[in-house]
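Residue numbering for the sequence shown follows full-length UniProt numbering, beginning at 1 and increasing consecutively.
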Amino acid sequence: MEFNPIVALSGTFTTFKQALLRRKLNAIGINAYTTEAIKKGNKTNWNVLLAGDKTFDETTELVLKAKERKVPILNTKWANESLKSEGPVIIKPEHLWDKKYNPTEIGNKKKDPKKGDPKKNNKKKGKQTDDEDMPDGDGNGSEEEEEEEEEEEEEEEEEEEPAGGIKEEVVEEPFQIDLKKADVDEERNAWYNEIKKGPRTINLGVHPADVFNNVPDNKKRQDYTMWIECVYNGYMIVTDPKTKVFVEVPHFRDAYLLSPNMQGDKRSLYAAASGHSMVKQDNTTFTCQLNEFDLWQIAYNGRICLIMGRVPRTEEDGGGRGSLGLWTRSDLQKKFGAKETDEWINRAFLGLGHGDPDEDANHYLTNGVLKKWKKSRVAATNTPEMRTRYQRRGKIAKPEPAPK
């Protein structure tokens with residue numbers, strides 16, 4: 001198993017502020033913490049320190065701790081190359097901040113997957129604050145400054161904000177399932193079968209959620225097969241075949257966005273087979289209320305959030321269900337407002353087991369865009385309708401047959 005970098009950011013950077021750089025690294029599967037998040041959240045599982053190219057004080061507590069732990073201190077060349085390749089690159093001598101100090105083998109040695117990473121396994125679990133998502137560039141911004149910065153970044157990079165309600169650690173629910181009553185989704189099967197010669201599935205080395213959530217190596221789900229839903233703007237949308245199927249939302253699946261470097265040869269094979277290629281709709285085509293939308297999946301990669309499903313046809317159009325469409329989270333926010341949209345997205349993730357508002361004190365939700373929503377304690381169980389669904393999800397959820 002290759003070295004899995006967990007990055008601590010120190011100092012200020014010329015190109016990005018710490019908060020935005022952290023998001024960009026997270027989007028390519030590299031877990032990163034800002035200086036402020038490490039201080040407030042008592043983060044101890046980082047194994048790489050990234051030095052700012054604008055200002056960097058090697059006398060700070062964080063840098064001294066890195067030297068004490070013999071953690072490699074890298075320059076921004078490593079970060080830039082990793083962002084360009086959409087994944088962590090091997091640490092080379094030119095990536096080292098101080099070649100006299102840094103032993104390169106620390107960042108590149110192999111690990112025994114059976115043993116995992118003891119630093120991760122012994123990770124201290126504490127309550128994480130939303131400040132991790134929105135510190136100032138030097139990690140010392142006030143709460144008001146952080147909120148202003150978040151709003152500015154949201155306007156400039158609407159599609160680069162993390163999707164609402166994604167939790168760092170997936171909670172496994174004890175679903176009670178009758179395998180003899182496995183639900184076969186005929187409409188989804190028809191969608192897949194339109195790709196006559198395939199491929200319909202893709203085998204991934206590691207489950208995407210385990211990469212995003214930085215799950216210890218010995219607990220990662222490996223050699224995991226997923227359904228290919230479509231491609232969008234270079235990304236491939238895939239769904240987990242082991243998603244629990246809800247009777248009241250029968251087409252809803254747990255979805256992920258795969259960047260090109262995660263797709264292997266399946267992208268070209270899928271294109272050659274005339275696979276589904278989706279284009280983004282604008283918010284004017286979303287002509288129904290959120291609770292009327294036939295939701296198929298909400299795909300995310302820690303940076304971009306895409307909503308896929310069908311808007312019901314109007315009576316003038318003959319009624320019935322419309323064609324499958326794709327919208328961004330930003331599009332829906334423009335139509336319904338950020339608060340309502342994020343609550344709706346968050347509830348969808350809660351239904352899949354990604355977090356539990358009743359356990360928020362211990363299993364916090366992590367996104368800065370939900371900061372005000374979290375403070376008001378609006379939760380999925382606050383309405384009778386959602387409370388019923390939440391209680392039902394562990395009793396009548398039915399699994400989808402595994403792909404063949």
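Every residue, glycine too, gets a C-beta built ideally from N, C-alpha and C.
Check	Outcome
Give every residue of the same chain whose Cβ lies closer than 6 Å to the Cβ of E229, excluding the five residues on either side of it in the sequence, and list them in chain order.	I237, T239
Could you spell out where the beta strand (DSSP E) holding D254 opens and where it closes?	253-258
I need the straight-line Cα distance from E292 to T284, nearest angstrom please.	16 Å
Any idea what DSSP makes of P93, helix, strand or coil?	helix
Taking the CB atoms as reference points, tell me whether P252 and W296 lie closer together than 8 Å.	For the sequence presented, residue 252 should be read as Phe rather than Pro. In this structure, W296 lies closer than 8 Å to F252 by Cβ.
Just verifying my parser: in three-state terms, what is the DSSP assignment at N283?	helix
Given 8 Å as the limit, is there contact between the region 89-99 and the region 261-281, that is, 3 or more CB pairs closer than that?	no
Pull the bridge partners of C288 from the DSSP assignment, please.	C288 is not bridged to any residue.
Please state the DSSP three-state secondary structure of A273.	coil
So the beta strand (DSSP E) N26 belongs to, where does it begin and stop?	Careful: N26 lies outside any beta strand (DSSP E), inside the alpha helix (DSSP H) at 18-27.
Got a sec, what are the start and stop residues for the alpha helix (DSSP H) E194 sits in?	Careful: E194 lies outside any alpha helix (DSSP H) and carries neither H nor E.
So for G41, helix, strand or coil by DSSP?	helix
With 16 other CB atoms within 10 Å as the buried threshold, where does L189 fall?	The question names Leu, but residue 189 in the sequence shown is Asn. Flag for N189 reads exposed.
Just how far apart, CA to CA, sit Y232 and E61?	44 Å
If you reduce the DSSP assignment to three classes, tell me which class P312 lands in.	strand
Between which residues of its own chain and R22 is the CB-CB distance below 6 Å, once the five residues before and five after are set aside?	A32, T34
For the beta strand (DSSP E) containing E229, name the first residue and the last one.	222-232
Closest to W227 by CA distance: which of K220, T243, K280, Y300 is it?	T243
Under a three-way DSSP split, which group does M278 fall into?	coil
Assess contact between the region 70-83 and the region 6-26, defined as three or more Cβ pairs (one per stretch) separated by less than 8 Å. Is contact present?	yes
Report the partner residues of A8 according to the DSSP bridge assignment.	Y33, L49
Just to confirm, are T287 and L306 a CB contact at a threshold of 8 Å?	no
Ends of the alpha helix (DSSP H) at V71?	Looking at the DSSP string, V71 is not in any alpha helix (DSSP H), and its letter there is neither H nor E.
Does any residue of chain D have a CB that is nearer than 8 Å to the CB of D265?	Of the chains in the structure shown, none is chain D; there is only one protein chain.
Helix, strand or coil for I304 per DSSP?	coil
Which class does N213 belong to by DSSP, given the choice of helix, strand or coil?	coil
Identify the continuous alpha helix (DSSP H) that holds L204 and give its terminal residues.	Segment 201-206 is the beta strand (DSSP E) holding L204; no alpha helix (DSSP H) there.
Measuring alpha carbon to alpha carbon, tell me which of L324, D217, L204, D210 ends up nearest Y224.	L204
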